[in-house]
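Protein chains in written order, with UniProt numbering: chain Z, 1 to 413; chain C, 1 to 413; chain L, 1 to 413; chain W, 1 to 413.
4 protein chains.
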Amino acid sequence: MSILSDVLATIFARQTRKALPPPPSARSTEGLIQDLLSTSGEISGMTAAAHILDRFGKLDDAGKIAFFDHLAGDLGISPDQVRAAIDAFEADPNPANYARFLAAAEPARQELARRLNRVPGATPQLVAMRADLLRLIPRKDARARIDLDFQHLFTSWFNRGFLVLRPISWESPAAILEKIIAYEAVHAIDSWDDLRRRVEPEDRRCFAFFHPAMPDEPLIFVEVALTRGIPGSVQKLLAEDRAPLSAEEADTAVFYSISNCQAGLAGISFGNSLIKQVSEDLKSELPDITTFVTLSPIPTLTKWMKEEGIDPASLDDEALRATTARFLLTAKRGDGMPFDPVSRFHLGNGAHVHAVHVGADTSDKGMAESAGAMVNYRYDPETFAENHERFAGDKEVVASKEVRALLRAKAAA
Amino acid sequence: MSILSDVLATIFARQTRKALPPPPSARSTEGLIQDLLSTSGEISGMTAAAHILDRFGKLDDAGKIAFFDHLAGDLGISPDQVRAAIDAFEADPNPANYARFLAAAEPARQELARRLNRVPGATPQLVAMRADLLRLIPRKDARARIDLDFQHLFTSWFNRGFLVLRPISWESPAAILEKIIAYEAVHAIDSWDDLRRRVEPEDRRCFAFFHPAMPDEPLIFVEVALTRGIPGSVQKLLAEDRAPLSAEEADTAVFYSISNCQAGLAGISFGNSLIKQVSEDLKSELPDITTFVTLSPIPTLTKWMKEEGIDPASLDDEALRATTARFLLTAKRGDGMPFDPVSRFHLGNGAHVHAVHVGADTSDKGMAESAGAMVNYRYDPETFAENHERFAGDKEVVASKEVRALLRAKAAA
Amino acid sequence: MSILSDVLATIFARQTRKALPPPPSARSTEGLIQDLLSTSGEISGMTAAAHILDRFGKLDDAGKIAFFDHLAGDLGISPDQVRAAIDAFEADPNPANYARFLAAAEPARQELARRLNRVPGATPQLVAMRADLLRLIPRKDARARIDLDFQHLFTSWFNRGFLVLRPISWESPAAILEKIIAYEAVHAIDSWDDLRRRVEPEDRRCFAFFHPAMPDEPLIFVEVALTRGIPGSVQKLLAEDRAPLSAEEADTAVFYSISNCQAGLAGISFGNSLIKQVSEDLKSELPDITTFVTLSPIPTLTKWMKEEGIDPASLDDEALRATTARFLLTAKRGDGMPFDPVSRFHLGNGAHVHAVHVGADTSDKGMAESAGAMVNYRYDPETFAENHERFAGDKEVVASKEVRALLRAKAAA
Amino acid sequence: MSILSDVLATIFARQTRKALPPPPSARSTEGLIQDLLSTSGEISGMTAAAHILDRFGKLDDAGKIAFFDHLAGDLGISPDQVRAAIDAFEADPNPANYARFLAAAEPARQELARRLNRVPGATPQLVAMRADLLRLIPRKDARARIDLDFQHLFTSWFNRGFLVLRPISWESPAAILEKIIAYEAVHAIDSWDDLRRRVEPEDRRCFAFFHPAMPDEPLIFVEVALTRGIPGSVQKLLAEDRAPLSAEEADTAVFYSISNCQAGLAGISFGNSLIKQVSEDLKSELPDITTFVTLSPIPTLTKWMKEEGIDPASLDDEALRATTARFLLTAKRGDGMPFDPVSRFHLGNGAHVHAVHVGADTSDKGMAESAGAMVNYRYDPETFAENHERFAGDKEVVASKEVRALLRAKAAA
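Structural data, given as C-alpha cells:
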C-alpha cells in the first residue's frame, strides 16, 4: 500500500509545481478579488487567484486581519436581497426564483474561496488561511462569522468520501514522517529512532487520513500497537527494550494515540470513522485480532478532582481507580455530556468504557493530568451502533460490568 | 504519466470495493433519509446512506420521480425560518445568528447529499442521480429547482483544483479506453483499431480530466493531432493510411474533438481550462509546437442557413466560405451571443476565429450540419486574455484578418 | 495490483526512450563488435552497442545469417587455449589460473551479448535476435551451437527470481492486452469483446510472468476460470451467454489455457512455477477455492490413434473415453516419456491425470486433434511433490482411480 | 520519478514476503545442495533452495568457511572432463559437443547459485554470501577462485541494462534514506538533519542505481550540489547556514560524493555510467547547467608525499598546490596507472583534471589524507570519449591548461 500513497502525493505535487503564477501586477488585493469575482473566464481568473493567495501568505497579522475584515464586510450577504428573494421564491418556487434566492443567501466570499481553490496547490493555502482566521479573530467577534463559510466549504471538500486512508510506515517518505513527529500530540516522539519504534516493528502500525489535494499533509493519524491481551500501561507499551510480537500472535489492536494535524480543519469531522476503518483493515489483514481498544489519557481528571476537592496524593491505587471510574461514568458538563473531551470523542464514536488503570502513564504529563490513570475505551462491532444511540440519544455512558462495579464499590465505600 | 493515473484509479477503486453495505432493513427509504439526517454518528449513518444509494439505483423512473418529489418537498427550505433568521442576523450579525441563517437558508437535501457522499464509491452514484433528475424532471417544472442544489455541491466537489489531467494512450487501461470510444461525441470512433489510430501514433494525443473519487470515469476529454501547419480537412487528418509525423517535426497542435462524458455534470464548468492546460503540457514537452488551434465543426450552420433562406446546394466553394465567415462573425442569438454553441465555447475561452474551410468534413453528419464547412479557432497565448475580455464584455467575435476579409468580400459581392 | 505492473512497465519504457543512440558511423558491424569488445569504457562502448543492435534489426535474413556466422566463427573459443588453461589450472588451482581458464572457456560472443545488453531497451532486441537464430539456422547445423550461449545467458537473465507475476485484467493497458490476443495459442481470442469475456468477469482471471527489462512483453500467461465443480467442456466454459459466478461462490480454479509468448525464449524454463504461484495467489485471495485443475487439450491423440490404426469415427463416447485414458496413461515416446507434449508439461510439474472428457472441445481444432476429447490435470498441493518425483524418477504417470478404472475397463473389454 | 522507484521496491518486496519457506527438514545442507542440483522440478527445488539460504544466513564464520570449502571442492570443474569435452568439440564442433563442453567447463556451483536465486528475495542473500566470502577467504587462498564464479554470475545479473537510476530525496522512504546515511563513505552524514541538508534543498540532488530484485538496497549513489561556478571548498559547499540557490540559477553540477554500498558487489562495475546518466538527466531537467565536475578527495596524497620525503607542514599554499598537481599528473603505480584510486576512477570514466584547491577539505580526514587539498575532475561531453581513449590506451592523464601550468611552475621553481 505504501507506494499507492506516495504516488497520490506525487500526482498532485507535480501539478502544483508546474503551474506557477506569472509576476504580480500593481493592482490592489481588493481589486484582484473584484477581478476574480467578476470575470467569467476561468483562465484569466486563475492569475488573479494565484496572486491573492500569494499575497495573503506574505501578509503580517495586521494585514491578515484587514483581509478578513474585507471578507466579513464587503463580501457578505445583503439582508434586503435575501428577503426580496425569499418572498419571490415563496410566491413562486420555480427554479429561477430558487436560483436567485441561493445567490442572495450565499456570501460572495464563498465563491471567492471556490475560485481561489482552482489554483493548483491552493487547498492547503486555504486551510492555512482558516488557521490564521481562528488564531487572529476571537470566537465571539462578529467577524468570526466568516469562519462559518470556511466550515461550510471545507465540510464539502473534506467529505469522508474524498479522503484516503494511508498506512504510515518506515517505508513512508521522510517528508511525511517528519510531520508525524511534529503533530503527535498525545505521547511525544523524541527523535527519528523513537519514530521508528512506533512504525517499523511488525507489531506497530500507524494510519492517517489524507486528502488528494493535500497529499503531503496528514489530516489525522492514529498509532496502533498489536498486543496479546489489553495493556494497562503506556510506558510498558512503548518501552524501548520490549521484544516485538509477530503480527500473527496478536489478538488485540490498541489505539494508543490519535492526533489531529491541521489547525485550519478544526471542527471538520473526519476522525470518527478513522478507528472504524483501521479496525476493519486490520481485521481483514490479521483475522486473529478480535479486540479493538484504546489506551487513552484522561486529560481533565485532576482538574475535575481539584474542583471536587479531592487530593490525588491522598488516594491509594484502589481509591484512585474507583475515583477515575466515577469521573468517567458520572462527571458531566453543563449540557449533560461527559466532562472529559477524550471520553466524549470515543463514546460519541460508539466505544464504551472497558477498563480503568492506575500507574498507567507515569510521565510528567500523565501524572499532572490524571495522576497516572488511563482508560481503555473498547470498540466492539457488536455493540457500538447501539452504544452510539444510547450515548447520542440519552447521553448514557456505557461501561463494562467491571467498571460499573468499581463505581458501586466506591458508592458502597 | 500513464501509471500515475492508473494508480489514482486503483487507490479509490479499492476503497469502493471493500466497504459493501450490510443487508437492507425493512425501513422505508424516506425513513432511512430521516435516520441519516438525524444521526450524529457518522458510522451508523454510513449504513443508512449505503442503502439509500443502493435502493435509488434500483428504482424505476416513477420511483425516481417520487424520490425527487420528496427532495423537492420535505427537504427544502422554509421561507418563514429564512425570514426569521435573516432578521435576527440583521439585528445582530454575530456568528451564532449567522450560523442560524446559514442553516435556514440551506435545504436539508444538500446535507443529505453530503452525507450520502461519505459512502465509498458514492460520488459517481450521485452524479448518476443528477443525470436521472435532468432526464426525468422538465427544466421548467418547479421541482427542477432541486437541481440547483446538486449544482451547488458539484461545483464545490468538482472544483478545478481537485481535478487531475491524465493522458489517455494505448497504454491506458482498456476499461478507460472503452469509455473514450463510448463518449466520443464529435467524430465517432468505430472500433478498437480506430481508437488506436487516435491514441497510439506519436503525432496523436488524448487528455482527460478525472476526479479522484471517480477514477474510472473521464469527465471531459480532448483529442489532439500534432501536425505541420494548420489542417483544413478532418478526413485527411484522420485518414487511416496517413504517414504519422514524428512528434519532433510538429509545429501545430490541433484540438479536433472535445467531448463531455458525464450527463450528470452538465453545466459544471471544468472544460474551459482543459485546452489551456493541455497546450502548456504539450509546449513543455515539445517546445517546437507554437500554434494551438482547433478543427471544429459548425453544428448549426445549415440550420441557420435554412432560417436565412439560403440553400447550401446553391453555393459554390467561395460563396460557402464567405457565408460561413458571415455566420461565424455575425449570426447571434437573442442575447447577443453567437448562434453556434461550439463558437460560444471556444470564443468564451479566449480563442479567436482563425480560418474557415469548405469540404472539410465530408461525412454525412458534416454535410448535414454545415455543408462540409469547418473552422479553426486559435488559442494564442498572446491574445487570449484580451480576446476573452472583448468577448465576455462586449460580445465581440474576434477573428483573423483573413476571415474578416471574407466577410468584406461577401459584403462587397 | 494492476497499477504496480503498469508502473513497472513505465519505469523501463521511459529509460528506453530517453537514451537513443547517436547517428551511425561508417565503421563496419564487425569493426563495431571489435570496438565494443576491446574498449574498457562502458560509455564509449554504449554507442557501438546501440549501433550493432540497430543494424542487426535492419538486416535481411541473409545478413542475419552472416552475422551469426561471425558469432559462430571468430567469436568462439580456442581449443588450444582451453587446453593450456585447464592444464595450468590442474597444476595449480589458484584464482589467477582459474580466471584464465574461465576466460578461455567462455566465447567472446557471450561477453558481446552482455555488453550489447547495457543499452537501454536491448533485452527484447537480444531475445528477438535469438528468435531469428532459431528460425534461420537449422538445429543440426554446427553454427546452431551459438544458441547454447544465448541459452546460457538467458537462463541467468530470466532466472525465476527476476520475474514478476502480474494479473492481466480489463484494467490492464491496451498495449498489453493486444499481445494476449496475439499470443493466445490454445483457444484463439477473436476480438476485443472475446478478450473482455476472458479477463473482465469476476470469475475469470489471467496472469502473466514479466521481466523488468521487458515490461511490455508477457513471457507466458495462463487463463483461469473460477467454477463450481470441475468442468468437462471448454465450449460451455467459454460460452458467450453464460452467467458469471461471483468469485466467492467458486470452489475450483480451472487453468484452461497456457501460452508461451516469446519465440526467442524457447526452452528457457519459467513456466513450471506459474501454475503453482497463481494457485497460491488465488487461494490467499479466495480461501474457498480448494481445487486446482486444468482443462487441457490432447493435441496428439488422433495422430497417435492413426499410428495405432484406430479410427476415431468408429468409437462411441465410452470407447473414446477409454482410448483416451489408455493414450494418456500408456502411450510413450522412445525415451519413455508420455507421447503428448501437454501431458509431459503438466505431469512434469507434479500434476496428475484427474478426469477424461469426450465431446469436450467441439471446435474444428479440437475435433481434428483429439476427436473432441480433453483432460483435467489436477494440481493437488498434497501430492504434487510426490507425483513429481514419481514422474521425474520413474516416468510414472499418476492418475486418479477413475481414470485408472477406465483403463482397466478397456483392458477388460 | 520518486514514486516510480518506490513502486518498484514494493513490487518485489511483496513477492519476497509472501513466499516463506516451509519448516526445515533434517537433511544436511550438503544433502539439500545435492537435492537442489539433482531435481528437475523447479517447485520442489524451491524449498531446498530456501532452506540452504536460510541456514547459510545463520551460520557462524567457521560454518560459512566450511560451506565455501564445499563449493570450492565438490562443486568445481573436473579437468579430465573438460579435456575430453574440448577434444570432442574440436573433432566435431556440433551443438551437442559444444553443450557437453559448456557443461564440463562450468562448475556446479554456478548452477547452484542460479537455482538458489529462484527463491523470492534470494538475490540480496547471495550478494551477502559473496560479502562473507570476500571477508573470510584471503584473496590469495586457492579457494578464493570460487569468487570468480560469483563475479561471473553477478556481472550477468547486475548488467547495466537491468539497473534503474532513482533519485533520492526527502520524499524517499526512510528505509532507503537510513541506508544513504549508513553507506556515505566520503563526507560522513551525522544525523537526519544533516541528511536532509543533502537531499531536500532545491540545489541538492542525490541519485542511486538500484536493481529490481534488491529494491531496498542502493548499489551506488552520488550526491550532487548545483552551484554557480566551480567550488573549491567542501566545507563551504556543505555549510549548514548557506543560502540555497534556486535550481534555475545554477550553471554547474558538482558531484561531491560517490559511495559504493554493497561489499558483495565489489568489482562488479556499474558505477562508471552513473555520472554520465545523472549528467544527462540533470541537463534535460535544467538546460542552463553546462558544467559537470567533481569536488574530489585525494586520499593518497600525504601517503605519497611521505614516500617522496615531502613534509606537508613545510609547504605554503602555492607549493602545496603545485605538489598536488604534480602528484595528480605524474605519480604512478607500477603498472603506469595513477597512484590515486579516485583519480583512476574518474580518469577511467573520461574526466580530466580541471583544477586543484588547497584548504578545500579542512576536516580531520581531509587534513590527514591530503593536507586539505582537493581536486575537480571535469566531465566534458565534448572531450570525454577522447580523454577516455587517451587514458585507457596510453595511460595519459589529461589535465586543463591551468593545472598543467602548475606543474611547469613547479618544474621551473
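Backbone N, C-alpha and C fix where the C-beta goes; we use that ideal spot for every residue, glycine too. Given the structure is predicted, the values throughout are model-derived calculations rather than measurements.
Taking the alpha-carbon positions, what's the residue i to residue j distance?
| i | j | result |
| --- | --- | --- |
| C/L219 | C/H211 | 8 angstroms |
| W/L265 | W/G31 | 28 angstroms |
| W/E396 | W/P312 | 27 angstroms |
| L/A250 | L/C206 | 16 angstroms |
| C/N272 | C/F221 | 11 angstroms |
| W/G232 | W/V375 | 8 angstroms |
| C/M1 | C/A131 | Here C/M1 scores only 29 on pLDDT, less than 50, and its place in the model is too uncertain to base an answer on. |
| residue 414 of chain W | W/V186 | A query on residue 414 of chain W cannot be resolved here, the shown segment of chain W reaching from 1 to 413 and no further. |
| Z/K401 | Z/S370 | 23 angstroms |
| Z/K303 | W/L226 | 56 angstroms |
| C/L102 | Z/A105 | 8 angstroms |
Buried or exposed: residue i, going by 16 or more other Cβ atoms within 10 Å of its Cβ?
| i | result |
| --- | --- |
| Z/L406 | buried |
| L/S284 | exposed |
| Z/S343 | buried |
| C/G348 | buried |
| W/V403 | buried |
| L/E223 | buried |
| Z/E382 | exposed |
| L/T330 | exposed |
| C/A188 | exposed |
Just to make sure I have the definition right: I need the residues of chain Z whose C-beta is within less than 7 angstroms of the C-beta of residue i. Which are they?
| i | result |
| --- | --- |
| C/L102 | L148, H152 |
Tell me whether the beta-carbon of residue i lies closer than 8 angstroms to the beta-carbon of residue j.
| i | j | result |
| --- | --- | --- |
| L/R390 | L/A351 | no |
| Z/P124 | Z/E217 | yes |
| L/A26 | L/L36 | no |
| Z/F292 | Z/A253 | yes |
| C/R321 | C/V358 | yes |
| C/L295 | C/V199 | no |
| C/P244 | C/P201 | yes |
Run through chain Z and tell me which residues come within less than 9 angstroms of residue i, C-beta to C-beta.
| i | result |
| --- | --- |
| W/A105 | Correct list: empty, because the minimum Cβ distance to chain Z is about 44 angstroms. |
Can you name the residues of chain C whose CB is closer than 8 angstroms to the CB of residue i?
| i | result |
| --- | --- |
| L/S370 | Correct list: empty, because the minimum Cβ distance to chain C is about 33 angstroms. |
| Z/A383 | For clarity, residue 383 of chain Z is Thr in the given sequence; the question names Ala instead. The premise fails here: Z/T383 is roughly 12 angstroms from chain C at the closest Cβ pair, so nothing lies under 8 angstroms. |
| Z/R205 | Near Z/R205 there are no residues of chain C at all, since even the closest Cβ is about 17 angstroms away, more than 8 angstroms. |
| Z/W157 | S156, W157, N159, F162 |
Could you tell me which chain Z residues have their CB closer than 8 angstroms to the CB of residue i, listed as they occur along the chain?
| i | result |
| --- | --- |
| C/Y98 | R145, L148 |
For residue i, go through chain C and note every residue whose CB falls closer than 9 angstroms to its CB, in chain order.
| i | result |
| --- | --- |
| L/W192 | A174, E178, S191, W192 |
Kindly list, in the order they appear in chain W, the residues whose Cβ is closer than 7 angstroms to that of residue i.
| i | result |
| --- | --- |
| L/T294 | The contacting residues do not exist; L/T294 stays about 16 angstroms from chain W at best. |
Ignoring anything shorter than 3 residues or poking outside the UniProt domain "Malonyl-CoA decarboxylase C-terminal" (161-309) of chain Z, list the beta strand (DSSP E) runs there in chain order.
Listed in chain order, they are 164-167, 204-210, 220-227, 252-260, 291-294.
Return the chain-ordered ranges of every beta strand (DSSP E) run that is complete within the stretch 114-165 of chain L and spans a minimum of 3 residues.
Counting only runs of 3 or more residues that sit fully inside the stretch 114-165 of chain L, no beta strand (DSSP E) segment turns up.
Where are the alpha helix (DSSP H) runs, 4 residues long or more, that stay fully inside the stretch 314-339 of chain C, in chain order?
Unbroken alpha helix (DSSP H) runs of no fewer than 4 residues, entirely contained in the stretch 314-339 of chain C, are found at 317-330, following chain order.
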